[in-house]
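Residue numbers (UniProt numbering): 1 to 451.
Each residue gets a CB set at the ideal place from its N, CA and C atoms; glycine is no exception.
If you're wondering where the values come from, they're calculated on a predicted model, not measured in any experiment.
Remarks on the structure that follows.
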(Lines of atoms letter the chains of each structure in order from A; the text may use other names.)
(Lines give C-alpha, C1' and ligand atoms only; values in the text may rest on other atoms or scores of the structure.)
Protein backbone atom coordinates (compact mmCIF):
# COMPACT_ATOMS: atom_id res chain seq x y z
CA UNK A 1 0.00 0.00 0.00
CA UNK A 2 1.48 3.30 -1.06
CA UNK A 3 1.45 6.08 1.47
CA UNK A 4 1.20 9.69 0.40
CA UNK A 5 3.62 12.10 2.00
CA UNK A 6 1.78 14.65 4.11
CA UNK A 7 2.55 18.32 3.48
CA UNK A 8 4.72 20.21 5.92
CA UNK A 9 1.96 22.68 6.76
CA UNK A 10 -0.06 19.79 8.23
CA UNK A 11 2.54 19.16 10.91
CA UNK A 12 2.98 22.89 11.50
CA UNK A 13 -0.75 23.38 12.11
CA UNK A 14 -0.81 20.35 14.37
CA UNK A 15 2.10 21.71 16.40
CA UNK A 16 0.44 25.13 16.67
CA UNK A 17 -2.79 23.55 17.89
CA UNK A 18 -0.83 21.59 20.49
CA UNK A 19 1.03 24.69 21.66
CA UNK A 20 -2.26 26.51 22.14
CA UNK A 21 -3.38 23.81 24.57
CA UNK A 22 -0.14 23.82 26.54
CA UNK A 23 -0.14 26.26 29.46
CA UNK A 24 3.16 27.48 30.84
CA UNK A 25 3.22 28.40 34.49
CA UNK A 26 6.45 30.45 34.34
CA UNK A 27 6.98 29.36 37.94
CA UNK A 28 8.20 26.31 39.78
CA UNK A 29 5.51 23.61 39.98
CA UNK A 30 5.33 21.87 43.35
CA UNK A 31 2.24 19.67 43.06
CA UNK A 32 -0.08 18.46 40.30
CA UNK A 33 -3.46 17.00 41.23
CA UNK A 34 -6.36 15.78 39.07
CA UNK A 35 -9.93 16.48 40.08
CA UNK A 36 -12.81 14.02 39.99
CA UNK A 37 -14.80 15.51 37.10
CA UNK A 38 -12.36 15.42 34.17
CA UNK A 39 -11.34 12.90 31.55
CA UNK A 40 -8.39 10.61 32.27
CA UNK A 41 -5.23 12.12 30.89
CA UNK A 42 -6.19 15.75 31.54
CA UNK A 43 -4.82 17.74 34.43
CA UNK A 44 -7.63 19.68 36.04
CA UNK A 45 -5.88 21.73 38.67
CA UNK A 46 -2.29 22.97 38.58
CA UNK A 47 -0.84 23.96 41.92
CA UNK A 48 2.06 26.40 41.82
CA UNK A 49 4.27 27.81 44.52
CA UNK A 50 2.59 31.22 44.26
CA UNK A 51 -0.79 29.83 43.14
CA UNK A 52 -1.43 32.63 40.65
CA UNK A 53 -4.40 30.82 39.18
CA UNK A 54 -6.16 27.49 39.17
CA UNK A 55 -7.04 26.37 35.68
CA UNK A 56 -9.83 24.02 34.73
CA UNK A 57 -9.08 22.73 31.25
CA UNK A 58 -12.24 20.68 30.86
CA UNK A 59 -14.48 23.75 30.84
CA UNK A 60 -11.86 26.37 29.84
CA UNK A 61 -12.35 28.38 33.01
CA UNK A 62 -9.73 30.27 34.97
CA UNK A 63 -10.40 30.82 38.67
CA UNK A 64 -8.36 33.61 40.23
CA UNK A 65 -7.34 33.18 43.84
CA UNK A 66 -5.99 36.64 44.70
CA UNK A 67 -8.28 36.92 47.72
CA UNK A 68 -7.14 33.57 49.03
CA UNK A 69 -3.47 34.48 48.60
CA UNK A 70 -3.90 37.32 51.08
CA UNK A 71 -4.86 35.00 53.92
CA UNK A 72 -3.19 31.71 52.97
CA UNK A 73 0.55 31.19 53.07
CA UNK A 74 0.74 28.51 50.39
CA UNK A 75 3.04 25.62 51.20
CA UNK A 76 4.36 22.56 49.48
CA UNK A 77 1.63 19.92 49.58
CA UNK A 78 -2.01 19.49 48.60
CA UNK A 79 -4.59 16.78 48.93
CA UNK A 80 -7.65 16.49 46.69
CA UNK A 81 -10.74 14.59 47.74
CA UNK A 82 -14.41 14.67 46.81
CA UNK A 83 -15.37 18.26 45.95
CA UNK A 84 -12.88 19.74 48.41
CA UNK A 85 -9.25 20.82 48.19
CA UNK A 86 -6.94 20.78 51.18
CA UNK A 87 -3.95 23.11 51.41
CA UNK A 88 -1.04 22.45 53.67
CA UNK A 89 1.00 25.53 54.45
CA UNK A 90 4.53 26.16 55.66
CA UNK A 91 3.23 28.12 58.64
CA UNK A 92 1.61 25.04 60.22
CA UNK A 93 -1.99 25.75 59.13
CA UNK A 94 -4.47 23.42 57.43
CA UNK A 95 -6.84 25.13 54.98
CA UNK A 96 -9.99 23.49 53.62
CA UNK A 97 -11.17 25.00 50.32
CA UNK A 98 -14.63 24.01 49.11
CA UNK A 99 -14.34 23.75 45.32
CA UNK A 100 -18.10 23.91 44.78
CA UNK A 101 -18.42 27.40 46.29
CA UNK A 102 -14.79 28.52 46.03
CA UNK A 103 -14.31 29.64 49.65
CA UNK A 104 -12.18 28.52 52.56
CA UNK A 105 -14.48 26.73 54.99
CA UNK A 106 -11.94 25.95 57.71
CA UNK A 107 -8.45 26.99 58.75
CA UNK A 108 -6.85 24.99 61.55
CA UNK A 109 -3.61 25.99 63.33
CA UNK A 110 -1.61 22.88 64.20
CA UNK A 111 1.15 24.59 66.24
CA UNK A 112 3.55 21.83 65.12
CA UNK A 113 5.73 23.58 62.59
CA UNK A 114 5.91 22.93 58.88
CA UNK A 115 3.57 20.25 57.54
CA UNK A 116 5.39 18.27 54.89
CA UNK A 117 3.85 14.81 55.35
CA UNK A 118 0.12 14.26 54.94
CA UNK A 119 -2.39 11.63 53.83
CA UNK A 120 -6.15 11.12 53.93
CA UNK A 121 -8.14 8.26 55.41
CA UNK A 122 -10.48 7.27 52.54
CA UNK A 123 -13.05 5.66 54.83
CA UNK A 124 -13.94 8.71 56.95
CA UNK A 125 -12.13 11.70 55.38
CA UNK A 126 -9.85 12.33 58.38
CA UNK A 127 -6.50 13.94 57.54
CA UNK A 128 -3.35 12.40 59.03
CA UNK A 129 -0.21 14.53 59.32
CA UNK A 130 3.34 13.56 60.26
CA UNK A 131 5.67 15.87 62.16
CA UNK A 132 9.37 16.25 62.86
CA UNK A 133 9.03 15.04 66.45
CA UNK A 134 7.76 11.60 65.34
CA UNK A 135 4.11 12.32 66.14
CA UNK A 136 1.16 11.48 63.88
CA UNK A 137 -1.95 13.60 64.43
CA UNK A 138 -5.42 13.33 62.92
CA UNK A 139 -7.62 16.32 62.03
CA UNK A 140 -11.22 17.03 61.05
CA UNK A 141 -12.42 20.41 59.71
CA UNK A 142 -15.01 20.88 62.47
CA UNK A 143 -12.42 20.76 65.29
CA UNK A 144 -9.71 23.31 66.01
CA UNK A 145 -7.47 20.72 67.65
CA UNK A 146 -6.37 17.20 66.81
CA UNK A 147 -8.78 14.34 67.46
CA UNK A 148 -6.01 11.74 67.89
CA UNK A 149 -2.31 12.18 68.52
CA UNK A 150 0.05 9.20 68.74
CA UNK A 151 3.80 8.83 69.06
CA UNK A 152 4.94 6.72 66.11
CA UNK A 153 8.74 7.14 65.79
CA UNK A 154 11.52 8.60 67.93
CA UNK A 155 12.75 10.49 64.86
CA UNK A 156 11.12 12.67 62.21
CA UNK A 157 8.48 11.07 59.99
CA UNK A 158 9.30 10.96 56.28
CA UNK A 159 6.09 9.50 54.81
CA UNK A 160 2.70 8.10 55.82
CA UNK A 161 -0.10 6.31 53.95
CA UNK A 162 -3.52 4.87 54.79
CA UNK A 163 -5.16 1.92 53.03
CA UNK A 164 -8.52 2.02 51.23
CA UNK A 165 -10.46 0.42 54.08
CA UNK A 166 -9.14 2.81 56.72
CA UNK A 167 -7.95 -0.07 58.91
CA UNK A 168 -4.17 0.27 58.57
CA UNK A 169 -1.77 3.20 58.64
CA UNK A 170 1.82 2.89 57.41
CA UNK A 171 4.48 5.26 58.73
CA UNK A 172 8.18 5.55 57.97
CA UNK A 173 10.76 7.61 59.84
CA UNK A 174 14.37 8.66 59.59
CA UNK A 175 15.27 5.65 61.75
CA UNK A 176 14.58 3.43 58.64
CA UNK A 177 11.67 1.66 60.33
CA UNK A 178 8.38 0.97 58.58
CA UNK A 179 5.47 0.50 61.01
CA UNK A 180 1.94 -0.68 60.26
CA UNK A 181 -0.64 0.61 62.74
CA UNK A 182 -4.12 -0.69 63.49
CA UNK A 183 -6.65 2.17 63.24
CA UNK A 184 -9.74 0.15 64.10
CA UNK A 185 -9.60 0.20 67.88
CA UNK A 186 -6.22 -0.25 69.56
CA UNK A 187 -3.90 2.05 67.55
CA UNK A 188 -1.05 -0.39 68.19
CA UNK A 189 1.74 -1.34 65.73
CA UNK A 190 1.05 -4.67 64.03
CA UNK A 191 4.47 -5.03 62.39
CA UNK A 192 7.80 -3.24 62.34
CA UNK A 193 10.15 -3.60 59.36
CA UNK A 194 13.70 -2.27 59.22
CA UNK A 195 14.36 -0.90 55.72
CA UNK A 196 17.77 -0.61 54.03
CA UNK A 197 17.01 3.10 53.51
CA UNK A 198 14.34 5.44 54.80
CA UNK A 199 11.39 5.59 52.38
CA UNK A 200 10.54 9.07 51.13
CA UNK A 201 7.15 8.02 49.70
CA UNK A 202 4.74 5.14 50.35
CA UNK A 203 1.31 4.29 48.98
CA UNK A 204 -1.35 1.57 49.38
CA UNK A 205 -3.15 -0.04 46.45
CA UNK A 206 -6.80 -1.04 46.30
CA UNK A 207 -5.88 -4.65 47.12
CA UNK A 208 -3.54 -3.83 50.00
CA UNK A 209 -0.14 -3.81 48.30
CA UNK A 210 2.32 -1.29 49.74
CA UNK A 211 4.76 0.54 47.44
CA UNK A 212 7.94 2.03 48.91
CA UNK A 213 10.15 4.60 47.20
CA UNK A 214 13.64 5.18 48.61
CA UNK A 215 16.44 6.85 46.62
CA UNK A 216 16.31 5.18 43.18
CA UNK A 217 14.64 1.94 44.33
CA UNK A 218 10.94 1.06 44.26
CA UNK A 219 9.76 -1.98 46.22
CA UNK A 220 6.28 -3.44 46.64
CA UNK A 221 5.24 -5.50 49.68
CA UNK A 222 2.28 -7.86 49.94
CA UNK A 223 0.41 -7.91 53.27
CA UNK A 224 2.96 -5.84 55.21
CA UNK A 225 0.87 -6.04 58.41
CA UNK A 226 1.33 -9.83 58.55
CA UNK A 227 5.15 -9.80 58.66
CA UNK A 228 6.25 -10.94 62.17
CA UNK A 229 8.48 -8.51 64.08
CA UNK A 230 11.06 -11.24 64.75
CA UNK A 231 11.96 -11.49 61.05
CA UNK A 232 11.74 -7.78 60.36
CA UNK A 233 15.49 -7.08 60.66
CA UNK A 234 16.73 -10.16 58.76
CA UNK A 235 15.17 -9.77 55.34
CA UNK A 236 17.85 -7.82 53.44
CA UNK A 237 19.70 -9.10 50.40
CA UNK A 238 21.91 -7.61 47.70
CA UNK A 239 20.99 -7.81 44.03
CA UNK A 240 24.47 -8.87 42.87
CA UNK A 241 28.02 -8.77 44.26
CA UNK A 242 28.90 -5.90 41.93
CA UNK A 243 25.94 -3.72 42.96
CA UNK A 244 26.00 -2.30 46.45
CA UNK A 245 22.22 -1.93 46.76
CA UNK A 246 20.18 -3.89 49.26
CA UNK A 247 16.49 -4.69 48.92
CA UNK A 248 13.92 -6.61 50.94
CA UNK A 249 14.21 -10.33 50.22
CA UNK A 250 10.53 -11.25 50.40
CA UNK A 251 9.30 -8.20 48.49
CA UNK A 252 6.56 -8.77 45.92
CA UNK A 253 8.29 -6.63 43.27
CA UNK A 254 11.48 -4.59 43.08
CA UNK A 255 12.24 -1.93 40.47
CA UNK A 256 15.38 0.09 39.89
CA UNK A 257 14.89 3.68 38.72
CA UNK A 258 17.80 5.52 37.18
CA UNK A 259 16.87 8.81 38.83
CA UNK A 260 15.81 9.52 42.44
CA UNK A 261 12.18 8.67 43.16
CA UNK A 262 9.99 11.41 44.62
CA UNK A 263 6.47 9.97 44.49
CA UNK A 264 4.79 6.58 43.90
CA UNK A 265 1.04 6.21 43.31
CA UNK A 266 -1.13 3.27 42.28
CA UNK A 267 -3.57 3.72 39.42
CA UNK A 268 -7.16 2.86 40.44
CA UNK A 269 -8.76 -0.10 38.63
CA UNK A 270 -5.52 -0.69 36.70
CA UNK A 271 -2.53 -2.86 37.61
CA UNK A 272 -0.15 0.04 37.10
CA UNK A 273 2.15 1.88 39.49
CA UNK A 274 3.11 5.44 38.61
CA UNK A 275 6.61 6.56 39.58
CA UNK A 276 7.54 10.24 39.66
CA UNK A 277 11.24 11.02 39.56
CA UNK A 278 13.52 13.93 38.73
CA UNK A 279 13.48 12.86 35.06
CA UNK A 280 9.68 12.75 34.73
CA UNK A 281 6.87 10.25 35.12
CA UNK A 282 7.17 6.54 34.40
CA UNK A 283 4.98 3.52 35.08
CA UNK A 284 5.51 -0.13 35.86
CA UNK A 285 3.12 -3.07 35.82
CA UNK A 286 2.05 -4.48 39.18
CA UNK A 287 -0.26 -7.50 38.78
CA UNK A 288 -2.98 -7.87 41.40
CA UNK A 289 -2.79 -4.34 42.79
CA UNK A 290 -6.11 -2.94 41.48
CA UNK A 291 -9.75 -3.80 42.06
CA UNK A 292 -10.98 -5.79 39.04
CA UNK A 293 -14.69 -5.11 39.65
CA UNK A 294 -15.73 -1.47 39.58
CA UNK A 295 -19.08 0.16 40.25
CA UNK A 296 -20.29 1.77 37.03
CA UNK A 297 -22.49 4.23 38.92
CA UNK A 298 -19.52 5.55 40.90
CA UNK A 299 -16.47 5.22 38.64
CA UNK A 300 -17.30 4.61 35.00
CA UNK A 301 -14.23 4.67 32.70
CA UNK A 302 -16.49 4.71 29.61
CA UNK A 303 -18.45 7.81 30.64
CA UNK A 304 -19.01 10.52 28.04
CA UNK A 305 -19.12 14.27 28.61
CA UNK A 306 -22.89 14.41 29.27
CA UNK A 307 -22.68 11.59 31.80
CA UNK A 308 -19.81 13.30 33.61
CA UNK A 309 -21.78 16.54 33.84
CA UNK A 310 -24.82 14.77 35.30
CA UNK A 311 -22.61 12.85 37.71
CA UNK A 312 -21.06 16.08 38.95
CA UNK A 313 -24.52 17.57 39.59
CA UNK A 314 -25.61 14.46 41.49
CA UNK A 315 -22.48 14.54 43.60
CA UNK A 316 -23.04 18.19 44.43
CA UNK A 317 -26.62 17.42 45.50
CA UNK A 318 -25.51 14.43 47.58
CA UNK A 319 -22.59 16.27 49.13
CA UNK A 320 -22.62 16.31 52.91
CA UNK A 321 -21.42 19.36 54.87
CA UNK A 322 -17.84 19.36 56.06
CA UNK A 323 -19.05 19.44 59.68
CA UNK A 324 -20.17 15.80 59.35
CA UNK A 325 -16.60 14.56 58.84
CA UNK A 326 -15.73 12.73 62.06
CA UNK A 327 -13.47 9.98 63.32
CA UNK A 328 -16.38 7.52 63.66
CA UNK A 329 -18.31 7.70 60.40
CA UNK A 330 -20.63 4.73 61.05
CA UNK A 331 -24.29 5.66 60.58
CA UNK A 332 -26.79 3.78 62.75
CA UNK A 333 -24.31 2.72 65.40
CA UNK A 334 -25.68 1.66 68.79
CA UNK A 335 -25.04 4.27 71.47
CA UNK A 336 -23.50 2.66 74.51
CA UNK A 337 -24.57 5.56 76.72
CA UNK A 338 -28.24 4.79 76.08
CA UNK A 339 -27.72 1.10 76.86
CA UNK A 340 -25.98 1.93 80.13
CA UNK A 341 -28.77 4.32 81.08
CA UNK A 342 -31.45 1.69 80.44
CA UNK A 343 -29.49 -0.87 82.44
CA UNK A 344 -29.22 1.52 85.40
CA UNK A 345 -33.00 2.05 85.35
CA UNK A 346 -33.69 -1.71 85.26
CA UNK A 347 -31.17 -2.29 88.04
CA UNK A 348 -32.85 0.36 90.22
CA UNK A 349 -36.28 -1.24 89.68
CA UNK A 350 -34.98 -4.71 90.57
CA UNK A 351 -33.31 -3.43 93.73
CA UNK A 352 -36.39 -1.47 94.75
CA UNK A 353 -34.80 1.92 94.30
CA UNK A 354 -36.49 4.94 92.83
CA UNK A 355 -34.92 5.65 89.42
CA UNK A 356 -33.64 9.15 88.89
CA UNK A 357 -35.64 11.05 86.33
CA UNK A 358 -34.33 14.34 85.04
CA UNK A 359 -37.11 16.90 85.09
CA UNK A 360 -37.10 19.05 81.97
CA UNK A 361 -36.55 22.75 82.42
CA UNK A 362 -39.79 24.69 81.90
CA UNK A 363 -39.38 27.91 79.97
CA UNK A 364 -41.69 30.52 81.41
CA UNK A 365 -42.97 33.44 79.41
CA UNK A 366 -41.12 36.50 80.56
CA UNK A 367 -43.32 39.52 81.24
CA UNK A 368 -42.32 43.10 81.61
CA UNK A 369 -41.67 44.07 85.21
CA UNK A 370 -41.77 40.60 86.73
CA UNK A 371 -38.07 40.60 87.50
CA UNK A 372 -38.02 43.97 89.23
CA UNK A 373 -36.36 44.00 92.64
CA UNK A 374 -39.56 45.28 94.26
CA UNK A 375 -41.63 42.41 92.87
CA UNK A 376 -39.05 39.85 93.95
CA UNK A 377 -38.92 41.28 97.48
CA UNK A 378 -42.73 41.32 97.72
CA UNK A 379 -42.85 37.64 96.71
CA UNK A 380 -40.36 36.83 99.44
CA UNK A 381 -42.46 38.69 102.02
CA UNK A 382 -45.62 36.84 100.93
CA UNK A 383 -43.86 33.50 101.24
CA UNK A 384 -42.58 34.35 104.73
CA UNK A 385 -46.06 35.51 105.79
CA UNK A 386 -47.76 32.36 104.47
CA UNK A 387 -45.29 30.13 106.29
CA UNK A 388 -45.82 32.07 109.49
CA UNK A 389 -49.62 31.89 109.21
CA UNK A 390 -49.44 28.17 108.50
CA UNK A 391 -47.58 27.53 111.76
CA UNK A 392 -50.03 29.73 113.70
CA UNK A 393 -53.01 27.84 112.24
CA UNK A 394 -51.44 24.53 113.15
CA UNK A 395 -51.03 25.68 116.74
CA UNK A 396 -54.55 27.14 117.09
CA UNK A 397 -56.23 24.28 115.22
CA UNK A 398 -58.22 26.44 112.80
CA UNK A 399 -57.03 24.69 109.67
CA UNK A 400 -59.90 22.17 109.60
CA UNK A 401 -62.53 24.92 109.85
CA UNK A 402 -60.95 26.77 106.96
CA UNK A 403 -60.94 23.61 104.82
CA UNK A 404 -64.68 23.08 105.41
CA UNK A 405 -65.42 26.70 104.50
CA UNK A 406 -63.33 26.46 101.35
CA UNK A 407 -65.13 23.29 100.23
CA UNK A 408 -68.54 24.85 100.87
CA UNK A 409 -67.69 28.01 98.91
CA UNK A 410 -66.33 26.01 95.98
CA UNK A 411 -69.49 23.83 95.90
CA UNK A 412 -71.64 26.97 95.91
CA UNK A 413 -69.68 28.42 92.99
CA UNK A 414 -70.18 25.24 90.95
CA UNK A 415 -73.96 25.42 91.50
CA UNK A 416 -74.07 29.07 90.47
CA UNK A 417 -72.33 28.46 87.14
CA UNK A 418 -75.54 27.32 85.41
CA UNK A 419 -77.35 30.53 86.42
CA UNK A 420 -74.65 32.83 85.05
CA UNK A 421 -75.39 34.65 81.77
CA UNK A 422 -73.72 33.45 78.61
CA UNK A 423 -70.90 35.45 76.97
CA UNK A 424 -73.20 36.38 74.08
CA UNK A 425 -75.79 37.83 76.47
CA UNK A 426 -73.50 39.79 78.71
CA UNK A 427 -70.50 41.92 77.94
CA UNK A 428 -67.33 40.22 79.12
CA UNK A 429 -64.65 42.63 80.27
CA UNK A 430 -61.20 41.96 81.63
CA UNK A 431 -60.66 43.14 85.15
CA UNK A 432 -57.29 43.40 86.66
CA UNK A 433 -57.55 41.95 90.15
CA UNK A 434 -55.07 43.15 92.73
CA UNK A 435 -53.39 40.64 94.96
CA UNK A 436 -54.73 40.77 98.50
CA UNK A 437 -53.87 38.73 101.48
CA UNK A 438 -56.80 36.48 102.31
CA UNK A 439 -55.69 35.75 105.85
CA UNK A 440 -55.01 38.32 108.50
CA UNK A 441 -54.10 38.08 112.13
CA UNK A 442 -57.73 38.87 113.11
CA UNK A 443 -59.03 35.91 111.08
CA UNK A 444 -56.64 33.62 112.88
CA UNK A 445 -57.58 34.80 116.36
CA UNK A 446 -61.35 34.80 115.60
CA UNK A 447 -62.08 31.76 113.41
CA UNK A 448 -65.08 32.01 111.05
CA UNK A 449 -68.41 30.56 112.10
CA UNK A 450 -69.51 27.26 110.66
CA UNK A 451 -72.78 27.37 108.70
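**Request:** For residue 177, count neighbouring C-beta atoms within 10 Å of its own C-beta (all shown protein chains included) and say buried if the count is 16 or more, exposed if not.
**Result:** One-based indexing of the chain shown puts residue 177 at position 177. By the 10 Å Cβ count, residue 177 comes out buried.
**Prompt:** What does a CB cutoff of less than 7 Å around residue 81 pick up in its chain, not counting 5 residues either side in sequence?
**Reply:** Translated into the one-based positions of the chain shown, residue 81 becomes position 81. Note on residue 81: pLDDT 44, under 50, position unreliable in the model; no value is reported.
**Request:** Between the Cα of residue 118 and those of 110, 127 and 111, spot the shortest distance and give me the residue it belongs to.
**Result:** Here residue 118 refers to the residue found at position 118 when the chain shown is read from its first residue. Per the Cα distances, 127.
**Request:** Could you tell me the distance, in whole angstroms, from the CA atom of residue 157 to the CA atom of residue 175?
**Result:** In the chain shown, counting from the first residue as 1, residue 157 sits at position 157. In the chain shown, counting from the first residue as 1, residue 175 sits at position 175. Taking the straight line from one Cα to the other gives about 9 Å.
**Asked** Per DSSP, residue 155 forms a beta bridge with which residues?
**Response** Along the chain shown, one-based indexing puts residue 155 at 155. None; residue 155 has no bridge partner.
**Prompt:** By Cβ distance below 8 Å, which residues in the same chain neighbour residue 262 in space, the five residues on each side in sequence not counted?
**Reply:** If you number the chain shown from 1, residue 262 lands on position 262. Same-chain partners within the cutoff: 200, 201, 213, 276, 277 and 278.
**Prompt:** In the DSSP assignment, what are the bridge partners of residue 255?
**Reply:** Translated into the one-based positions of the chain shown, residue 255 becomes position 255. Answer by DSSP bridge pairing, in chain order: 218.
**Prompt:** Since residue 389 sits in a beta bridge, which residues does DSSP pair it with?
**Reply:** The sequence position of residue 389 within the chain shown is 389, counting from 1. Looking at the DSSP assignment, residue 389 forms no beta bridge with any residue, so it has no partner.
**Message:** Check this for me: beta carbons of residue 153 and residue 190, under 9 Å apart or not?
**Reply:** For the purposes of this step, residue 153 is taken as residue 153 along the chain shown, with counting starting at 1. For the purposes of this step, residue 190 is taken as residue 190 along the chain shown, with counting starting at 1. No, the pair does not count as a contact, with Cβ atoms beyond the cut-off.
**Closest by C-alpha distance to residue 188, when choosing among 227, 306 and 179** = Here residue 188 refers to the residue found at position 188 when the chain shown is read from its first residue. It is 179 whose Cα lies nearest to the Cα of residue 188.
**Request:** Would you list the one or two residues that DSSP bridges to residue 168?
**Result:** Taking the first residue of the chain shown as 1, we reach residue 168 at position 168. Beta-bridge partners of residue 168 (DSSP): 182.
**Prompt:** How would you write the range of the alpha helix (DSSP H) that residue 206 sits in, first residue to last?
**Reply:** Taking the chain shown and counting its residues from 1, one reaches residue 206 at position 206. Run containing residue 206: none; DSSP gives neither H nor E here.
**Asked** Residue range of the alpha helix (DSSP H) that residue 338 falls in?
**Response** Start at 1 with the first residue of the chain shown, and residue 338 comes out as number 338. Residues 336-350.
**Request:** Name the residue from 313, 270, 306 and 309 whose alpha carbon lies nearest to the alpha carbon of residue 292.
**Result:** The count along the chain shown starts at 1 and reaches residue 292 at position 292. Closest by alpha carbon: 270.
**Asked** DSSP three-state call for residue 125: helix, strand or coil?
**Response** For this step, residue 125 is matched to residue 125 along the chain shown. In the structure shown, the three-state DSSP call for residue 125 is coil.
**Asked** So who's on the other strand from residue 120, going by DSSP bridges?
**Response** For the purposes of this step, residue 120 is taken as residue 120 along the chain shown, with counting starting at 1. Its beta-bridge partners are 127.
**Prompt:** To which residues of the same chain is residue 163 closer than 7 Å at the C-beta, ignoring the five residues directly before and after it?
**Reply:** To locate residue 163, count along the chain shown from 1; it is residue 163. Cβ neighbours of residue 163 beyond the five flanking positions: 204 and 208.
**Request:** Identify, in the order they occur along the chain, each residue of the same chain with its Cβ nearer than 7 Å to the Cβ of residue 259, setting aside the five sequence neighbours on each side.
**Result:** Walking along the chain shown from the start, residue 259 turns up at place 259. Cβ within range, chain order: 216, 277, 278 and 279.
**Request:** Per DSSP, which residues does residue 277 bridge with? Please list them.
**Result:** Translated into the one-based positions of the chain shown, residue 277 becomes position 277. Residue 277 is bridged to 261 and 280.
**Prompt:** What number of angstroms, rounded off, separates the C-alpha of residue 222 from the C-alpha of residue 247?
**Reply:** Reading the chain shown from its first residue, position 222 is the one you call residue 222. Reading the chain shown from its first residue, position 247 is the one you call residue 247. Rounded to the nearest angstrom, the gap between the Cα atoms of residue 222 and residue 247 is 15 Å.
**Item:** Local Cβ density within 10 Å of residue 249, reported as buried at 16 or more and exposed below that
**Value:** Residue 249 sits at position 249 when you count from the first residue of the chain shown. Its Cβ having fewer than 16 others within 10 Å, residue 249 is exposed.
**Item:** C-alpha distance - residue 287 paired with residue 220, whole-angstrom precision
**Value:** For the purposes of this step, residue 287 is identified with residue 287 of the chain shown, where counting begins at 1. For the purposes of this step, residue 220 is identified with residue 220 of the chain shown, where counting begins at 1. If you take the alpha carbons of residue 287 and residue 220, they lie about 11 Å apart.
**Request:** Please confirm if the segment 105-116 is in contact with the segment 129-144, defined as three or more CB-CB distances below 8 Å between the two stretches.
**Result:** yes
**Prompt:** In or out: residue 173 buried (at least 16 other Cβ within 10 Å) or exposed?
**Reply:** On the chain shown, position 173 is the one that residue 173 refers to. The residue is buried, with at least 16 neighbouring Cβ atoms inside 10 Å.
**Prompt:** Taking one C-beta from the segment 91-108 and one from the segment 289-306 each time, how about it: are there three or more such pairs within less than 8 Å?
**Reply:** When Cβ pairs closer than 8 Å are counted between the two stretches, the segment 91-108 is seen not to touch the segment 289-306, the count staying below three.
**Pick from 294, 101, 290 and 265 that is closest to residue 282, judged by C-alpha positions** = One-based indexing of the chain shown puts residue 282 at position 282. Looking at the Cα atoms, 265 is the closest of the given residues.
**Request:** Locate the beta strand (DSSP E) running through residue 313, then write down its first and last residues.
**Result:** Your numbering for residue 313 matches position 313 in the chain shown. That residue, residue 313, is in no beta strand (DSSP E); its alpha helix (DSSP H) goes 305-318.
**Item:** Paired residues, beta bridge with residue 135 - DSSP
**Value:** The residue given as residue 135 occupies position 135 in the chain shown. Note: residue 135 sits in a beta bridge opposite 151.
**Reduced DSSP secondary structure (H/G/I, E/B, other) of residue 192** = Here residue 192 refers to the residue found at position 192 when the chain shown is read from its first residue. The answer is strand: DSSP assigns residue 192 an E or B state.
**Request:** Using three-state DSSP, classify residue 330 as helix, strand or coil.
**Result:** Locating residue 330 in the chain shown gives position 330, counting from the first residue. Residue state, collapsed to three classes: coil.
**Message:** Please classify residue 110 as buried or exposed, where buried requires at least 16 other C-beta atoms within 10 Å of its C-beta.
**Reply:** In the chain shown, residue 110 corresponds to position 110, counting from 1. The residue is buried, with at least 16 neighbouring Cβ atoms inside 10 Å.
**Prompt:** In or out: residue 325 buried (at least 16 other Cβ within 10 Å) or exposed?
**Reply:** Position 325 of the chain shown, counting from 1, holds the residue named residue 325. Residue 325 comes out buried.
**Request:** Pull up the distance between the alpha-carbon of residue 327 and that of residue 98, whole angstroms please.
**Result:** Within the chain shown, numbered from 1, the residue matching residue 327 stands at position 327. Within the chain shown, numbered from 1, the residue matching residue 98 stands at position 98. Their backbone Cα atoms lie some 20 Å apart in a straight line.
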